[in-house]
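Chains as they are written, first to last, in the working numbering: chain A, 1 to 115; chain B, 116 to 226.
Here is the structure:
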């Protein structure tokens, strides 16, 4: 157990639907990062939050949004889902911006399948 | 972030040392060298990182060239559980510092 909790572990949904992925960072970590991993794209950075504020955006589609709540957990919302959104979604946390001395801690991911 | 180059795949025998190379010829003075690995069906896992000096921890050693244009991750005794994709990543100390993953090196450990 890495200390980063992602739920659900698996999600199967239909095209056009909306889903919410949840991430609880490691205790004390203020930064949360979201990544998407598909077979043909590898690990792609989506978005970074630090203590409730958005800090950086990567290749995140307009159909996707995220937020980090006062208790530091984060949610990634995916809407108008397409078949190509099927992927593993990982959340990572770190104690300071930049990872500090111990790096980033990743969760075990949510596997999203859009049918 | 500066780019890194790694071999697509490597093989090693169990209980032998493994040297995983990484080239980063455009590294800047403030770039840290990070190594992560991803086991099948799991999230990436931090292995080690360094700036200029060689680093050791319980998992591995990181050897950094004097000109910092290359580095080598050393697994001292490979086990079957070390079979994974190993990523070498540069992260600037001045940026928001999300990690940018390349395609990594797929390490196969042979029994």
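A virtual CB, placed ideally from N, CA and C, is assigned to each residue, including glycine.
These numbers were taken from a predicted model, which means no experiment stands behind them.
- Beta-bridge partners assigned by DSSP to residue 15 of chain A: none are found.
- With a cutoff of 8 Å on beta-carbon distance, residue 78 of chain A and residue 18 of chain A are scored as near each other.
- By the rule that beta-carbons nearer than 8 Å mark a contact, residue 10 of chain A does not touch chain B.
- For the stretch 29-60 of chain A, the set of residues with a beta-carbon nearer than 7 Å to any beta-carbon of chain B comprises 33, 42, 43, 45, 48, 55, 56 and 58, in chain order.
- Under the DSSP assignment, residue 64 of chain A falls in the beta strand (DSSP E) whose first and last residues are 64-68.
- The CB of residue 104 of chain A comes closer than 7 Å to the CB of 161 and 214 in chain B, given here in chain order.
- No Cβ-Cβ contact shorter than 8 Å links residue 133 of chain B with residue 150 of chain B.
- Non-local beta-carbon contacts of residue 187 of chain B in its own chain, meaning distances under 6 Å to residues more than five positions away in sequence, involve 134, 136 and 178 in chain order.
- Residues of chain A with a Cβ closer than 9 Å to the Cβ of residue 143 of chain B do not exist; the shortest Cβ-Cβ separation is about 15 Å.
- The straight-line gap separating the alpha-carbon atoms of residue 171 of chain B and residue 16 of chain A is approximately 49 Å.
- Between residue 46 of chain A and residue 64 of chain A the beta-carbon gap is near 7 Å, inside 8 Å, which marks them as a contact.
- In chain order, 35, 37, 106, 107 and 109 place their CB closer than 7 Å to the CB of residue 90 of chain A, counting only its own chain and leaving out the 5 sequence neighbours on each side.
- In terms of Cα proximity to residue 56 of chain A, the closest of A/5, A/32, A/14 and A/86 is A/32.
- The Cβ atoms of residue 30 of chain A and residue 6 of chain A lie no closer than 8 Å to each other.
- DSSP places residue 85 of chain A in the helix class (H, G or I) of the three-state scheme.
- Not flagged as an interface residue toward chain B: residue 16 of chain A, since no C-beta distance is shorter than 8 Å.
- Here residue 114 of chain A is buried: its Cβ has 16 or more other Cβ atoms, across all protein chains shown, within 10 Å.
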